[in-house]
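Taking it in order: structure first as structure tokens, then the write-up.
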Amino acid sequence: MKPEQVLEEFRNAGALLEGHFVLSSGLHSGVFLQKMAIFSEPPRTERLCRALAEAIRARFGAIDIVVSPAIGGIVPGYETARHLGARAIFVEREPGGPFQLRRGFAIPKGTRAVIVEDIVTTGLSARECLASLRDQEGEIVGAACLIDRSGGRGEIGVPLLSLVTLDIPAYPADALPPDLAAIPAVKPGSRAIPLA
Numbered sequence: 139m140k141p142e143q144v145l146e147e148f149r150n151a152g153a154l155l156e157g158h159f160v161l162s163s164g165l166h167s168g169v170f171l172q173k174m175a176i177f178s179e180p181p182r183t184e185r186l187c188r189a190l191a192e193a194i195r196a197r198f199g200a201i202d203i204v205v206s207p208a209i210g211g212i213v214p215g216y217e218t219a220r221h222l223g224a225r226a227i228f229v230e231r232e233p234g235g236p237f238q239l240r241r242g243f244a245i246p247k248g249t250r251a252v253i254v255e256d257i258v259t260t261g262l263s264a265r266e267c268l269a270s271l272r273d274q275e276g277e278i279v280g281a282a283c284l285i286d287r288s289g290g291r292g293e294i295g296v297p298l299l300s301l302v303t304l305d306i307p308a309y310p311a312d313a314l315p316p317d318l319a320a321i322p323a324v325k326p327g328s329r330a331i332p333l334a
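Using the numbering used here, you'd call the opening residue of the sequence shown number 139 and step up by one each time.
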């Protein structure tokens, strides 16, 4: 799937929004990618995650386990794993704590795993996910996402591939450009939602 086809999927789903948004990273942006508009449509999700699985296989080879950060990464992680013929697991947070594998999930010795994210802005969720896997015996070969909105500057700690790389500016709250500062901010992300 070509980058323009991926963006067309987002546009057609109403998932490419403009305004003033507070991203899950805490940065502000004039563009928000509402991936849940994509993930609420199984055929669209299937097309995008099949393309991501093909890119993962081409770059990293055979994968045994896909691990994703909850909440946003669970759907693309599962669907990508399905196309890879791999197991899908996820890391989650105790309220206020770091990511961790729970529910009996593990990455055993001799297995090859990839982290699958939805959207990468700064790479924070993927870095936190990777940090939570340090004591696992399997190999984390890389990370993948549908869209890297960092312009390729998001540092993960392992190689990152994406279906699309965009350079969408994001700003700290105290350094907003005047046109963005003139618009009321909304926070559509899920990072602050505690898991029960």
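A virtual CB, placed ideally from N, CA and C, is assigned to each residue, including glycine.
Straight-line Cα distance separating residue j from residue i
{"i": "residue 191", "j": "residue 142", "result": "18 Å"}
{"i": "residue 334", "j": "residue 207", "result": "Bear in mind that a pLDDT of 36 at residue 334, under 50, signals an unreliable position, so the model cannot answer this."}
{"i": "residue 277", "j": "residue 258", "result": "21 Å"}
{"i": "residue 319", "j": "residue 294", "result": "30 Å"}
{"i": "residue 161", "j": "residue 274", "result": "30 Å"}
{"i": "residue 331", "j": "residue 236", "result": "Model confidence at residue 331 stands at a pLDDT of 42, short of 50, so the residue's coordinates are unreliable; what they give is reported in the following sentence. If you take the alpha carbons of residue 331 and residue 236, they lie about 13 Å apart."}
Proximity of residue i and residue j at Cβ, strictly below 8 Å
{"i": "residue 184", "j": "residue 146", "result": "no"}
{"i": "residue 221", "j": "residue 321", "result": "no"}
{"i": "residue 175", "j": "residue 153", "result": "yes"}
{"i": "residue 296", "j": "residue 270", "result": "no"}
{"i": "residue 285", "j": "residue 262", "result": "no"}
{"i": "residue 219", "j": "residue 179", "result": "no"}
{"i": "residue 227", "j": "residue 254", "result": "no"}
Close-in-space but distant-in-sequence residues of the same chain around residue i (CB under 7 Å, 5 per side omitted)
{"i": "residue 202", "result": "224, 225, 249, 250 and 251"}
Residue i: first and last residue of the uninterrupted beta strand (DSSP E) it sits in
{"i": "residue 163", "result": "Element bounds for residue 163: n/a, residue is neither H nor E."}
{"i": "residue 303", "result": "298–303"}
{"i": "residue 258", "result": "250–258"}
{"i": "residue 229", "result": "225–231"}
{"i": "residue 243", "result": "Counting along the chain, residue 243 falls outside any beta strand (DSSP E), and DSSP gives it neither H nor E."}
Close-in-space but distant-in-sequence residues of the same chain around residue i (CB under 6 Å, 5 per side omitted)
{"i": "residue 213", "result": "177"}
{"i": "residue 298", "result": "281"}
Start and end residues, alpha helix (DSSP H) containing residue i
{"i": "residue 280", "result": "That residue, residue 280, is in no alpha helix (DSSP H); its beta strand (DSSP E) goes 277–286."}
Inter-stretch contact at 8 Å, needing at least 3 Cβ pairs: the region 305–318 / the region 268–283 = no
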